[in-house]
Amino acid sequence: MNRNNLIIAGIILFFLSSCSPKIPFTQSIRDQYKLTPEEMKGIQFYLSDPLALRRGEANDQQKTTAEGKLIIQSGRTIDQVTIKANTPGAVDVVADNKTLKVAFEEGAEKSLVFSSENNRNGYYSLRALKWNNDKGEVNYGGQTFYSNQGSGQCVLMFKMKSIRKLRINEKVAKGRKVN
Numbered sequence: 010m011n012r013n014n015l016i017i018a019g020i021i022l023f024f025l026s027s028c029s030p031k032i033p034f035t036q037s038i039r040d041q042y043k044l045t046p047e048e049m050k051g052i053q054f055y056l057s058d059p060l061a062l063r064r065g066e067a068n069d070q071q072k073t074t075a076e077g078k079l080i081i082q083s084g085r086t087i088d089q090v091t092i093k094a095n096t097p098g099a100v101d102v103v104a105d106n107k108t109l110k111v112a113f114e115e116g117a118e119k120s121l122v123f124s125s126e127n128n129r130n131g132y133y134s135l136r137a138l139k140w141n142n143d144k145g146e147v148n149y150g151g152q153t154f155y156s157n158q159g160s161g162q163c164v165l166m167f168k169m170k171s172i173r174k175l176r177i178n179e180k181v182a183k184g185r186k187v188n
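Residues are numbered in my numbering as their position in the sequence shown, beginning at 1, plus a constant of 9.
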């Protein structure tokens, strides 16, 4: 291989190694690397699947009269928070050695709980106060919201880069002549 081909191969290898795919964050990774709470707060997490949180309130009936008619209005207000897949999130609180509170937006109490507890693969998945038909009841922004169907499958993803250093100390022998 000539020198130009070696340089091109090195550049291609560099670019391929710099693109880290997102992988699920697991309890075994946390344990293997003995990640401290400070290190956990330094990791950029991502949501694996889209998540919709909804809450609704019924409005009281309002009655008015107009043009000789009795008008009764009633309705419902629905608040929805949508977090798309691959939305970046940051750890707010490391609750214990199996639970993290991760925020995907700024604001008081706007973090979601993810835990590896009760997950046979050790993935950090969304944890709810209670589950009903794969919909979770969660506290978000100090209010009770209900997650979309299948939200129990939402896990934390992150990028991991492994850098291996290889040092080669080369010495070129000059040769030895017979005396």
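We treat Cβ as the ideally placed atom computed from N, Cα and C, and that holds for glycine.
Predicted, not measured: the structure shown is a model, and the values here were computed from it.
Requested in this report: Note down the Cα distance separating LYS107 from LYS31, rounded to an integer number of angstroms.
Outcome: Along the sequence shown, one-based indexing puts residue 107 at 98. Along the sequence shown, one-based indexing puts residue 31 at 22. When rounded, the distance between both Cα atoms is 20 Å.
Query raised in the report: If you scan the stretch 39-84 from start to end, which runs of the beta strand (DSSP E) of 3 or more residues do you find wholly inside it?
Result: 54-56, 60-67, 71-75, 78-82
Query raised in the report: Do you know how far the Cα of LYS174 is from the Cα of PHE154?
Result: On the sequence shown, residue 154 is found 145 positions in, with the first residue counted as 1. On the sequence shown, residue 174 is found 165 positions in, with the first residue counted as 1. Rounded to whole angstroms, PHE154 to LYS174 spans 48 Å at the Cα level.
Query raised in the report: Looking at C-beta atoms only, is the number of pairs between the stretch 146-161 and the stretch 97-113 that lie closer than 8 Å three or more?
Result: Verdict: no, contact absent.
Requested in this report: Note down, in chain order, each residue of its chain lying with its Cβ closer than 7 Å to the Cβ of MET169, except the 5 sequence neighbours on either side.
Outcome: If you number the sequence shown from 1, residue 169 lands on position 160. Counting only Cβ-Cβ distances below 7 Å, and skipping sequence neighbours, we find SER29, ILE32.
Query - Beta-carbon separation (whole angstroms), GLY61 vs THR91, contact threshold 8 Å - result: Counting from one through the sequence shown, the residue named residue 61 turns up at place 52. Counting from one through the sequence shown, the residue named residue 91 turns up at place 82. The sequence shown places Ala at residue 61, rather than the Gly named in the question. The pair is a contact, with the Cβ atoms about 5 Å apart (cut-off 8 Å).
Query - Any beta strand (DSSP E) of 3 or more consecutive residues that is wholly inside the stretch 79-123 - result: 85-92, 97-105, 108-112
Report task. Pair every Cβ in the stretch 113-126 with every Cβ in the stretch 145-152, then say whether three or more of these pairs are closer than 8 Å. Result -> yes
Query raised in the report: If you follow the beta strand (DSSP E) that GLY145 is part of, which residue opens it and which one closes it?
Result: Residue mapping note: residue 145 aligns to position 136 of the sequence shown, counting from 1. Unbroken beta strand (DSSP E) run through GLY145: 144-149.
Query raised in the report: Is it buried or exposed for ARG136, if we count other Cβ within 10 angstroms and need 16 for buried?
Result: Residue numbering aside, residue 136 sits at position 127 when the sequence shown is read from its first letter. It counts as buried.
Query raised in the report: Could you check where the beta strand (DSSP E) with ILE32 kicks off and where it finishes?
Result: Taking the sequence shown and counting its residues from 1, the one referred to as residue 32 is at position 23. Taken as a continuous stretch (DSSP letters only), the beta strand (DSSP E) holding ILE32 covers 31-33.
Query - Coil, strand or helix - SER134 by DSSP - result: Position 125 of the sequence shown, counting from 1, holds the residue named residue 134. If DSSP states are grouped into helix, strand and coil, SER134 belongs with the strands.
Query raised in the report: When the Cα atoms are used, what is the spatial distance from ILE87 to VAL164?
Result: Locating residue 87 in the sequence shown gives position 78, counting from the first residue. Locating residue 164 in the sequence shown gives position 155, counting from the first residue. Going from the Cα of ILE87 to the Cα of VAL164 covers about 26 Å.
Query raised in the report: Name the DSSP beta bridge partners of MET166, please?
Result: Numbered from its first residue, the sequence shown carries residue 166 at position 157. In the DSSP assignment, MET166 is bridged to PRO33, TYR55.
Query raised in the report: Quick one: what's got a C-beta closer than 6 Å to LEU138's C-beta in the same chain, skipping five residues either side?
Result: For the purposes of this step, residue 138 is identified with residue 129 of the sequence shown, where counting begins at 1. Within the same chain, LEU138 has close Cβ partners GLU146.
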